[in-house]
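> Next up is a structure, given as structure tokens.
Chains as they are written, first to last, in this note's numbering: chain D, 581 to 1152; chain A, 581 to 1152.
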């Protein structure tokens, strides 16, 4: 591509309304432009990247045996009524009526449509397993679209849906998709990790998220430093280490008139957070004898809401007791609660169960108890995994310790089970001729989001640094001063042809009115991973200047060796 | 692709709700499925064709120098208010509000969005000309979607928009797009013609439609048999031949008590339609002295509404006079009107002006006049081109005669002028530093419609016959009886690998439970242009059976020569 015939649209200033670096750089590099809240037009440079990501996703999905289809963006609302999600999905599902007053929505996902299609087309177990995918426009009416294409309303997703005759088949396809996702992100060239994910309200049995690791990521992920273990922090099992110490102290009262929080106890009474037990009263599940349940975590730990909600005693969603509810069971405010003599069921985190000689509220305002010991001062507690995992915890798989990093979710694979096939009655006949509700899997990649995530992970103060496989151009070709040097221009014209014929994507910066500095800055901002500068002096010596985007110095490459050199340097 | 792992989804019965052959065959061949009125899912076979059409369009657009972009499907309504089309476009523009009650629409076209983008990004004549295109989902809320993807609500269009510093540049790009469209449809392999089109209400200066010729086409197109002339019949100039004959008859009254129409006059009085003048009273344009105007066409011709509306005397839109309005100017009903003594302006079609000794109503019920002659019985008329061109008319370019064929519009190129750039104030600075409103062109191809049009033109009683370039598969590979013959199966397995490695798209029908007849019928229904059948007996003789989709007999091809044979036969 000749820059003189191309909409570069680079911008020097950082746009005021863009807070994350990928959004800033996509605007500055002329990749996208905002049309309206959460709606972006993709300019030529952005679209070149997007198409390369799409092509890699398509090739690997095809290789996996999945079949490409294309379903409409606009979906009839009646299918969502059939699955029950017209209510569950909430206002992110943008609904409208057509000219005949029939109800439709913009598809945020396509479980209903594909299940409808498959129930009509697939009738025998012999046609299974089948995995259908599309790369297609989605719309979610986010309440607060932000971060550019990272969380836009209209976006492109690769979504796939598999159908099976039994769970073993679903698990086999799930494993194929896991490997396919690894192949896709390997080829794209981002640093990523598959992460165990919460199956949440979709109610399936297994799920992995694929995260591109970057400091700006919205999700916290726990990794083992000694194994492949990785899980969303919200989901990672928290292991308690060591054994309970001996009961060496006697129980005693401590006057704590000004202490409301763990920090107050630490500051005012010289205690360590690890000595203290936090007592949290939450609503009990309907039908329980007691209206409340006490959850105990160590002073330096935090309650994990998702884990709490999985306890059979606890109401969903999790709700903390009000002051009045607390006063009804203990003559104290929240800051002076403790497990001793409390008239509600008590559940202790694993780490709490290992504590000895610990400190807790006395259920009287302004008083704590010290030297508490399980089995002596109060009964042995019921124990559960209640807290959030933290950096330094042992890895749940027993190998290594956890570190916490931030990630951007770019893919998600999910063993759905029969949620949708049951609701839409998608059945086939099995070997015995009996009707069978098909287990399903679903597999998504946020194609537009991958582009932004790659930038979050690969940039410097001068701009984007693309992995070769998804770069808008492999090579920037820049003559030093083509206006003054016909020889530079002629050499570049010929080289451009030669490189293009060899299959390289080249941005030939033939602009006559721009200085070299502007051209090099543009090439760096756009993130072109390789560049060649052609100068009169170099041609005298039979060389051109090569620099990789991450290099700080030029390499002089003999003209005769350039094609072979680039053939090695560019990882297509 | 192995048929055993592929959703063929062929159907024997003709679907009851599909009236045109392409719709029937796309359903029967498992290409598409209806999701809702005017909404279709594309199954693997359909999508393979669609992607090939897209790829050809993209390659040729890139070659033309156009730059690919991607604009959102969802557009803010405020841009349509700026152009005025929020009112003009009518109910085909599907509008809705988002969760914040802001107005949006589903884009049926993108003039507003691209003009908004370009006014923000392009500031100097030096950046012009620029031509931007996308291949993208559109939505038009058709009142009566029909014919499958031929007239669906959601569809895929390639739309391009060019911007210029002057009209000469627009005309140059228009010519490039004309040639690009020819290259696209040549490569796709359909029989098509570029056709002069009406610029209609968009108000541009030049326009061509590209039509795939097929009997089922919605548009009638007039072609010269002696030149390249082609025009929509609505737009083709109608030429009058010969000279006016001598006035040899005297004017006389003819009692026609039972004649209301031309057909009645012919049947009851032995007249020829070419002898008779039809007198049509229509509303005059506002401000005219007379409320009505009389338009005269020959009895065997039809009034062309579009031509009538271009007359300065006639109201737009064209409206025929009511009975009361007729009675106010002539003491007769519509069937007895004539130009003699009529008190409103009279405009005669060119053919009428050449008539002599003709017949017309007497402006008295039940009476006609015969032997009428211009200049003797009534004044010489004002003459205009008023009628529809008909088969056999001289070509307007003076070469040959017209034939009328039916066509399906699959492309449209248009010199828009400044309609949108003016409304949205899209300007650049010219060489003198003065502000200049950019002339624009727009260029569309109905990508999904091309697929249907290709089928309308290429099918027989057994199914579709794809042009090689857009066939879902180039070759159907079918073993006679793989269950019984391991040798056939082994040979086919190896051949499938060899053909795939050579870059052919192959449907290898390895289904064990289907008979040969079913497999061949499926391959023919799907329209695969080449097929190879492998039999034990053939392998004994070292040959396989080849048949092109249009052939009625097999060709025996030596196994050793097969790759070379197919290399010649398949036009990729």
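Ideal Cβ placement from N, Cα and C applies to all residues, glycine included.
Could you check whether residue 906/D and residue 895/D sit closer than 8 angstroms to each other, using their CB atoms as the reference points?
In this structure, residue 906/D does not lie closer than 8 angstroms to residue 895/D by Cβ.
> Assuming residue 847/A is part of the alpha helix (DSSP H), what are its boundary residues?
Taken as a continuous stretch (DSSP letters only), the alpha helix (DSSP H) holding residue 847/A covers 842-849.
> Please list, in chain order, the chain D residues whose beta carbon lies closer than 8 angstroms to that of residue 620/A.
Under the 8 angstroms cutoff, chain D gives 652.
> Three or more beta-carbon pairs under 8 angstroms between the stretch 1041-1059 of chain A and the stretch 1098-1118 of chain A, yes or no?
Segments in contact, yes.
> How is the beta strand (DSSP E) around residue 927/D delimited, first residue to last?
Residue 927/D -> beta strand (DSSP E) spans 926-929.
> Using a Cβ-Cβ distance under 8 angstroms, would residue 717/A count as near chain D?
Yes - at least one Cβ of chain D is within 8 angstroms of the one on residue 717/A.
> Compute the distance between the beta-carbons of residue 860/A and residue 875/A, then report whether it is under 8 angstroms.
Yes. Within cutoff.
> What residue from 1115/D, 604/D, 658/D, 673/D has the CA that sits closest to residue 1134/D's CA?
When only C-alpha atoms are compared, the closest one is 1115/D.
> Can you tell me where the beta strand (DSSP E) holding residue 1061/D begins and where it ends?
Premise fails: residue 1061/D is in no beta strand (DSSP E) and is neither H nor E.
> Within 10 angstroms of its Cβ, does residue 1118/A collect 16 or more other Cβ (buried), or is it exposed?
Burial call: buried.
> Kindly indicate the opening and closing residues of the alpha helix (DSSP H) around residue 757/A.
That run of the alpha helix (DSSP H) goes 747-768.
> Please name the residue in 1121/A, 688/A, 971/A, 791/A whose C-alpha comes closest to that of residue 672/A.
Out of 1121/A, 688/A, 971/A, 791/A, 688/A has the C-alpha closest to the C-alpha of residue 672/A.
> Closer than 7 angstroms by C-beta to residue 1011/A: which residues in its own chain qualify, once you throw out the five before and the five after it? Chain order, please.
Within the same chain, residue 1011/A has close Cβ partners 705.
> Once the 5 residues before and after residue 613/A are set aside, which same chain residues still bring their CB inside 6 angstroms of it?
Cβ neighbours of residue 613/A beyond the five flanking positions: 621.
> Could you tell me the boundaries of the beta strand (DSSP E) in which residue 909/D lies?
Not the beta strand (DSSP E): residue 909/D falls in the alpha helix (DSSP H), residues 903-909.
> Is any beta-carbon of chain A found at less than 8 angstroms from that of residue 656/D?
At least one chain A Cβ lies under 8 angstroms of residue 656/D.
> Does the separation of the CB atoms of residue 962/D and residue 928/D fall below 8 angstroms?
Yes.
> For residue 605/D, I'd like the list of residues in its chain whose CB is within less than 7 angstroms of its CB, leaving aside the five on either flank, ordered along the chain.
Once the five neighbours on either side are set aside, the close Cβ partners of residue 605/D are 1035, 1039, 1043, 1044.
> Under 8 angstroms between C-beta atoms, does residue 586/A make it to chain D?
For residue 586/A, the answer is yes, since a Cβ of chain D falls inside 8 angstroms of its Cβ.
> Between the Cα of residue 1007/A and the Cα atoms of 667/A, 744/A, 1070/A, which residue gives the shortest distance?
Closest by alpha carbon: 744/A.
> What residues are listed by DSSP as bridge partners for residue 983/D?
Answer is 803/D, bridged to residue 983/D.
> Does any residue of chain A have a CB that is nearer than 8 angstroms to the CB of residue 824/D?
So no, residue 824/D is outside the interface.
> Taking the alpha-carbon positions, what's the residue 909/A to residue 924/A distance?
If you take the alpha carbons of residue 909/A and residue 924/A, they lie about 8 angstroms apart.
> Should the stretch 1135-1142 of chain D be regarded as contacting the stretch 581-590 of chain A, the criterion being three or more beta carbon pairs within less than 8 angstroms?
The stretch 1135-1142 of chain D, when compared against the stretch 581-590 of chain A, does not touch it at the 8 angstroms Cβ threshold.
> Give me the Cα-Cα distance between residue 951/A and residue 939/A, rounded to the nearest whole angstrom.
So the alpha carbons of these two residues sit roughly 6 angstroms apart.
> What number of angstroms, rounded off, separates the C-alpha of residue 855/D from the C-alpha of residue 878/D?
Computed Cα separation, rounded: 8 angstroms.
> Does any CB atom of chain D fall closer than 8 angstroms to the CB of residue 647/A?
Judged by the 8 angstroms Cβ criterion, residue 647/A is in contact with chain D.
> Pairing CB atoms from the stretch 764-773 of chain A with CB atoms from the stretch 630-641 of chain A, are three or more of them under 8 angstroms?
The stretch 764-773 of chain A vs the stretch 630-641 of chain A: in contact.
> Which residue from 777/D, 823/D, 836/D puts its Cα closest to that of residue 813/D?
Cα-wise, what sits closest to residue 813/D is 777/D.
> Given this structure, state the Cα-to-Cα distance separating residue 1074/D from residue 803/D, to the nearest angstrom.
Whole-angstrom Cα-Cα distance: 51 angstroms.
> Taking residue 567/D as the query, report the chain A residues whose CB atoms sit under 7 angstroms from its CB, ordered along the chain.
Absent from the model: residue 567/D. The displayed extent of chain D is 581 to 1152, so no value can be given.
> Helix or strand or just coil, what does DSSP make of residue 978/D?
DSSP places residue 978/D in coil when its eight states are reduced to three.
> Any beta carbon of chain D sitting closer than 8 angstroms to that of residue 597/A?
No - not a single Cβ of chain D is within 8 angstroms of the one on residue 597/A.
> Quick check on residue 1107/D: buried or exposed, where buried means 16 or more other Cβ atoms within 10 Å of its Cβ?
Classification for residue 1107/D: buried.
> With residue 729/D and residue 1051/D assumed to form a contact (beta carbons below 8 angstroms), what rounded beta-carbon distance in angstroms separates them?
Not confirmed; about 17 angstroms, so no contact.
> Can you list the beta strand (DSSP E) stretches of 3 or more residues lying completely in the stretch 952-1024 of chain D, in chain order?
Complete beta strand (DSSP E) runs here, min 3: 962-964, 982-997, 1007-1009, 1015-1017.
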